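No gaps in the numbering here: position 128 of the sequence shown is 127 in numbering that gives the first Met the number 0, and each next residue is one more. Below is one structure, written out as structure tokens, with a few remarks after it.
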Amino acid sequence: MSPGSPPSSATSLMPTAEDAVPTDVLSHTISQCRICRDRPAGGPENRMPHEPRPVAYLSSTARVLIAGQAPGLRVHETGIPFNDASGDRLRLWLGVDRDTFYDRSLFAIAPMGFCFPGYNAEGHDLPPRRECAPQWRATVMRSMPQIELILAIGQYAQAWHLGARRARTMTETVERWRETMLSNAPGPRVLPLPHPSWRNTGWLKRHPWFEAEVLPVLRQTVSLLIGRNDFS
Ligand code: SF4
């Protein structure tokens, strides 16, 4: 796999209760991970330029998994996932407030890279660390066999959770959301979403069907799965 490319498909990694590590144990183990500091892929020159701080909310009861890309600097500094403008937009999309969003009994939050990867030369966030998904993703999914819906945010989560069902581009993948949601593929349903970053405001304007068609279904499905009765 070349640096920066999405991790290869893991659709064979069906979540089961067999050999599942309890989420509290796994959360603690992940919090201790320093692979990108101590054994970076490709050699020492690829070492993470700061101390890793894994940020993931695993849950033994949540039915919805938010599978994002990687924490940004603010999330790295606070240790709270989606504690930024992207999170505000995501909560708007989901139709939930902060207290509900951070209720670990309702939502699990596990990005494709658990640590802030740093910036590239242009000052943009680097892609999720390529060490992370091969090391942790299968174990994380097996630890949460109760997940019914995966919100696959961005190309990296879509590559992992959709595998061969992913289209050529992120936009095409999101455009096929109905087909993906209604697929009979084994495992949790997957809803592909663009990243809620404010950098994607232009994308949202160019693809108005996303807010008009996808968001109402997203809100209703999430509302049902977190046990709310108001389908507003
Ligand atoms: S990004 Fe993942 S693999 Fe790298 S140090 Fe953080 S938790 Fe470990």
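Don't be surprised by glycine CBs; every beta carbon is placed ideally from N, CA and C. These numbers come from a predicted model, not from an experiment.
One thing to note: R218 has its Cβ within 7 angstroms of the Cβ of G94. With contacts defined as CB atoms closer than 7 angstroms, M111 and Y56 fail to qualify as a contacting pair. Cβ atoms of I152 and H194 come within 8 angstroms of each other, at about 6 angstroms. The continuous alpha helix (DSSP H) containing V74 extends over residues 72-77. No heavy atom of the ligand SF4 is found nearer than 6 angstroms to the CB of P80.
DSSP places F100 in the uninterrupted alpha helix (DSSP H) bounded by 97-100. For P215, the uninterrupted alpha helix (DSSP H) run begins and ends at 214-224, by DSSP. Taking L203 as reference, the option from V173, A40, L224, G186 with the minimal CA-CA separation is V173. Excluding sequence positions up to five before and after A166, its CB lies within less than 8 angstroms of the CB of T172, E174, R175, all in the same chain and listed in chain order.
As DSSP reads the structure, V189 sits in a beta bridge with I149.
Comparing alpha-carbon positions, the option among A109, P51, W135 lying closest to E76 turns out to be P51.
In this structure, the CA atom of P21 is about 25 angstroms from the CA atom of F115.
In this structure, Q134 has its beta carbon less than 6 angstroms from a heavy atom of the ligand SF4.
Chain order is used for the residues whose beta-carbon lies nearer than 6 angstroms to a heavy atom of the ligand SF4, namely I29, C32, R33, I34, C35, P51, P53, G112, F113, C114, R128, E130, C131, Q134.
Per DSSP, V139 has no beta bridge partner at all.
The beta-carbon separation of P53 and S30, rounded to 5 angstroms, stays under the 8 angstroms limit for a contact.
Distance between S59 and D23, taken at the CA atoms: about 9 angstroms. Checking the DSSP bridge columns, you'll see L64 partnered with A107, I149.
Short of 7 angstroms from the beta carbon of C131, and not among the five residues preceding or following it, lie these beta carbons of its own chain, in chain order: M111, G112, F113.
If you check the CB distance, L161 and V189 come in under 7 angstroms. The beta carbon of Q134 lies closer than 7 angstroms to those of I34 in the same chain, with the five residues before and after it left out. Excluding residues up to 5 positions away in sequence, E147, L224 lie with their Cβ nearer than 6 angstroms to the Cβ of R62 in the same chain. Where C35 is concerned, the enclosing alpha helix (DSSP H) starts and stops at 34-37.
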